[in-house]
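Note that the sequence shown covers residues 346 to 572 in this note's numbering.
Step one of this worksheet: look at the structure below.
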Amino acid sequence: MVPKKQHVTIKGTKEGLVFLLDDLCSYDLLIEELKDKLSSKHYQLSDGPDLLVKVESGYRYLQQEQKGEIESIITNGRKLAIEEFSSHVMSNEEAQMIKRKNQTITLTSIVRSGQVIHVDGDILLIGDVNPGGKLQASGSIYIMGALRGIAHAGVNGNEDAVISAAVLNPSQLKIADKIKLFESSSEEAIMSSAYIDHKSQSLQIGRVQQLVHTHRHLSKYVDQVME
């Protein structure tokens, strides 16, 4: 007799439980078996903290309402809490978001006083940021010119973003939520970069060449700023 195929497999780990969902069967069959698997008293309410659950759906893309239904089945009346959903696929919207996040925009311009330029991803500016001008990016900022205004990299919280400029004499620098203000009488720094030192959790200024060692994936942009 051929054993019945399992559409829901539950595995225990040090961190909690992993629910492996079959990505070939119908969604209705999956839900039916999930309810059946969780009918055991083993998963009913008991003392102690909630057990964390990771749900892996393989090559099945789960819509938000489907995730909500699965989470409700797993957690209702049980000491279980969803830690994350994961799969090998993503929606077109999610793919486009990742593409924008990883793209590099090259802009030849002068950011004048009162102007605000914002980009998703990294920006390579061939030009200057004048006093009163502002440049924002979700990624890193590289300026082949003078930065004398405001630059904010990692606007969505990316603490690995950096700000590099051929001439660095800004009024304000910000990376993620770390900020540094400068006096108008500050000296211009040549070929310098701002980055977050993760040990001190503070915004630091250093030579552009240092980034090659601390942020190796940025080396190609550092070379362009130094040219």
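Positions of the beta carbon are idealized from the N, C-alpha and C atoms, including for glycine.
Bear in mind that the values here come from a model prediction, so they are computed numbers and not experimental data.
Residue burial classification, residue i (beta-carbon count within 10 angstroms, cutoff 16)
i	result
M489	buried
G478	buried
A440	exposed
Y487	buried
L383	buried
Y404	exposed
S402	buried
S516	buried
Inter-residue Cα distance where the pair is residue i and residue j
i	j	result
Q408	I462	34 Å
D505	Q448	15 Å
I508	E377	53 Å
L365	E414	16 Å
D367	S432	11 Å
F430	H543	29 Å
N437	V512	40 Å
S537	G357	50 Å
Y372	S545	49 Å
Endpoints, the alpha helix (DSSP H) within which residue i is located
i	result
K544	Careful: K544 lies outside any alpha helix (DSSP H) and carries neither H nor E.
Q351	Premise fails: Q351 is in no alpha helix (DSSP H) and is neither H nor E.
K382	Y372 to K382
Extent of the continuous beta strand (DSSP E) run through residue i
i	result
K525	K523 to L526
Q460	Counting along the chain, Q460 falls outside any beta strand (DSSP E), and DSSP gives it neither H nor E.
CB contact flag (residue i, residue j, <8 Å)
i	j	result
R466	G484	It should be pointed out that residue 466 corresponds to Gly in this sequence rather than to Arg. In this structure, G484 lies closer than 8 Å to G466 by Cβ.
L425	L452	no
G472	S458	no
Anticipated Cβ contact below 8 Å, residue i with residue j, distance rounded
i	j	result
L518	A496	6 Å
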